[in-house]
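For reference, the structure is listed below as structure tokens.
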Amino acid sequence: MPSPNRLLRPFFNRSTLIVARELLGQRLVRLDKGGARLSGLIVEIEAYIGTDDLGCHARVGRTPRNDSMWGPPGHTYVYFTYGMHWMLNFVTERSGYPAATLIRSLVPLEGLETMRQRRAGRPENTLTNGPAKLCQSLAIDRSLDGCDLCHPGSPLFIEALSQLEDDYVMTGPRVGLETVPEPWRSIPWRFRVHPNHIDILVDKADQ
DNA sequence: AGCACGATTAACT
DNA sequence: GTTAATCGTGCTC
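The first sequence runs contiguously to residue 1420 in this note's numbering.
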């Protein structure tokens, strides 16, 4: 059953910075085993753009690991790091150009019981407030690498809500790039929903 | 074949 | 604030 407001290919086939900015406040939906809906609002996201970006995995060229990032927009790029964590990205821009957005944090909306089970023993406020934590709660791993967000019936997609006003968007340097040379280390390609606006956003999404 | 390291997290002082 | 966990990946020999 196609979702009425699912974001489609043209949305992702644009400048990565625009896509990242506009994904803030949108609802990420994961159809779990059995079809149960797990979802959350995207409140933190980062952009990784091309082979010149020394913070981007594509800096080493096309490899089996980062292959999805070079493919068509609107697909996932899911990778494994630190020997234990999965990370979720959405591929942007034209096919052949490697760029993606890293989903760093969600506010959980649906399926919290399942998320709690997968994050057993951890505090309630740590279900999806980190790139590896949200992948654990949503059961995202290698099997979802290359998944087409725009394909009807896909187990992962974005439901469009209203666009966030600029007043509620914060930008800054990307996280975890301390060893990356400037300007890439400090370039403000991290986007967040202002903390004071998150409750309002959740209330609107609940309507 | 061997090596150094990572778009992180949790547990520690 | 510091550090261990843990292994796939890409690089060098």
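Just so it is clear, CB atoms sit at the ideal spot from N, CA and C, and this is done for glycine as well.
Distance check for Val1320 and Val1415, CA to CA, integer angstroms please. Locating residue 1415 in the first sequence gives position 202, counting from the first residue. Locating residue 1320 in the first sequence gives position 107, counting from the first residue. Straight-line Cα distance between these residues: approximately 8 Å.
State buried or exposed for Arg1387, treating a residue as buried only when at least 16 other CB atoms are found within 10 Å of its CB. Taking the first residue of the first sequence as position 1, residue 1387 is located at position 174. Its Cβ being crowded by 16 or more others within 10 Å, Arg1387 is buried.
Problem - First through last residue of the beta strand (DSSP E) which encompasses Ser1429 - result: The structure shown does not extend to residue 1429, since the chain is modelled only from 1214 to 1420, so the question has no answer here.
_Going by DSSP, what residue range makes up the alpha helix (DSSP H) through Ile1353?_
Within the first sequence, numbered from 1, the residue matching residue 1353 stands at position 140. Neither: Ile1353 is in no alpha helix (DSSP H) and is coded neither H nor E.
Quick one: what does DSSP say Leu1377 is sitting in, helix, strand or coil? The residue given as residue 1377 occupies position 164 in the first sequence. Reduced to three states, the DSSP call for Leu1377 is coil.
| said: Can you check which of these residues, Pro1336, His1270, Ile1371, Leu1244, is closest to Pro1217 by C-alpha distance? | reply: Here the question's residue 1217 lines up with position 4 in the first sequence. Of Pro1336, His1270, Ile1371, Leu1244, the residue nearest in Cα terms is Ile1371.
query = Under the DSSP definition of a beta bridge, which residues are partnered with Thr1229?
reply = One-based indexing of the first sequence puts residue 1229 at position 16. Its beta-bridge partners do not exist; DSSP assigns none.
For this session: Just mark Tyr1261 as buried or exposed, buried being the case when its beta carbon has 16 or more other beta carbons within 10 Å.
Result: Stepping through the first sequence from its first residue, residue 1261 is reached at position 48. Classification of Tyr1261: buried, given that the 10 Å Cβ count is 16 or more.
Quiz item: Nearest to Thr1294 by alpha carbon, out of Arg1222, Asp1379, Pro1344, Asp1280?
Solution: Numbered from 1 along the first sequence, position 81 holds the residue referred to as residue 1294. Taking only the C-alpha atoms, the option nearest Thr1294 is Pro1344.
- Sufficient close CB pairs (3 or more, under 8 Å) joining the region 1387–1402 to the region 1237–1250: Result no; under three Cβ-Cβ pairs closer than 8 Å.
(message) Cutting at 7 Å between CB atoms, please list the residues of its own chain near Gly1296, excluding the five before and the five after it.
(response) The residue you call residue 1296 lines up with position 83 of the first sequence. Excluding residues within five positions, none has a Cβ falling inside 7 Å.
> At what residues does the beta strand (DSSP E) containing Asp1369 begin and finish?
Replying inline: Taking the first residue of the first sequence as position 1, residue 1369 is located at position 156. It should be noted that the sequence gives Leu, not Asp, for residue 1369. Segment 1369–1372, the beta strand (DSSP E) holding Leu1369.
- Message: Taking the beta strand (DSSP E) that Ile1262 belongs to, which residues open and close that run?
- Response: Against the first sequence, residue 1262 aligns to sequence position 49. Per DSSP, Ile1262 belongs to the beta strand (DSSP E) from 1250–1262.
Collapsed DSSP secondary structure at Trp1397 in the structure displayed
Sequence index remark: in the first sequence, residue 1397 carries index 184 (1-based). Assignment of Trp1397 by DSSP, reduced to helix, strand and coil, places it in the coil class.
Practice task
Measure the Cβ-Cβ separation of Thr1327 and Val1232 and say whether it is below 8 Å.
Solution key: Stepping through the first sequence from its first residue, residue 1327 is reached at position 114. Stepping through the first sequence from its first residue, residue 1232 is reached at position 19. No, Cβ-Cβ distance for Thr1327 and Val1232 is not below 8 Å.
Worksheet entry | For Leu1414, the first and last residue of its enclosing alpha helix (DSSP H) | The residue labelled residue 1414 in the question sits at position 201 within the first sequence. That run of the alpha helix (DSSP H) goes 1411–1419.
Practice task
Measure the alpha-carbon distance for Gln1482 versus Ile1413 and round it to whole angstroms.
Solution key: Residue 1482 cannot be examined here, being either before or after the span of the chain that is shown, 1214 to 1420.
Residue interval of the beta strand (DSSP E) (run including Met1300): By one-based count along the first sequence, residue 1300 stands at place 87. Taken as a continuous stretch (DSSP letters only), the beta strand (DSSP E) holding Met1300 covers 1298–1304.
| message | Three Cβ pairs or more, each shorter than 8 Å: is that satisfied between the region 1308–1316 and the region 1279–1292? | response | Under the 8 Å Cβ criterion, the region 1308–1316 counts as touching the region 1279–1292, having at least three qualifying pairs.
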